[in-house]
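*Asks:* Dumping the structure here so I can ask a few things about it.
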Amino acid sequence: MKKLRVDRGAIKFVLAGANIMCPGLTSPGGALDDEVGAETPVAIMAEGKQHALAIGFTKMLAKDIWAVNKGIGVDNMHDLNDGLWKMERLD
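Taken in order, the sequence shown gives residues 1 to 91; the numbers are from the UniProt record's numbering.
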């Protein structure tokens, strides 16, 4: 799975379930793999953190995220401490 990184300012919003905005990926501290296509599953990493804090699907090509640099870049499907994270084990 490809990994994208958001800057420090985006962490609290992503952990609250927000989608990942393009500027959070293109700003200093963010990182965007130029090979990522649209509708690609990605792990969302954060500046200064070791583990992924969310999983989502890209809304557009990486080159379009760079070019447009506004709006939603990744739909957040699952983040730490959401309902799926807190769900009890199914046997």
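From the three backbone atoms N, C-alpha and C, an ideal C-beta is built for every residue, glycine too. Predicted model only: the values in this text are computed from it and were never measured.
(1) Evaluate ARG89 with the Cβ neighbour count: other Cβ atoms within 10 Å of its Cβ, from every protein chain shown; 16 or more gives buried, anything less gives exposed.
(2) Please list the terminal residues of the continuous alpha helix (DSSP H) segment that includes LYS86.
(3) Between which two residues does the beta strand (DSSP E) holding VAL74 run?
(4) Which of the three DSSP states is assigned to LYS3 in this structure?
(5) What residue from CYS22, GLY29, GLN50 and LEU61 has the CA that sits closest to ASN35's CA?
*Replies:* The short version:
(1) Mapped onto the sequence shown, residue 89 falls at position 89. Exposed.
(2) Position 86 of the sequence shown, counted from the start, is the residue given in the question as residue 86. LYS86 -> alpha helix (DSSP H) spans 83 to 86.
(3) As a position in the sequence shown, residue 74 is number 74, starting the count at 1. Taken as a continuous stretch (DSSP letters only), the beta strand (DSSP E) holding VAL74 covers 72 to 79.
(4) Taking the sequence shown and counting its residues from 1, the one referred to as residue 3 is at position 3. LYS3: strand per DSSP, three-state reduction.
(5) Translated into positions along the sequence shown, residue 35 becomes position 35. Rather than Asn, the amino acid found at residue 35 in this sequence is Glu. Taking only the C-alpha atoms, the option nearest GLU35 is LEU61.
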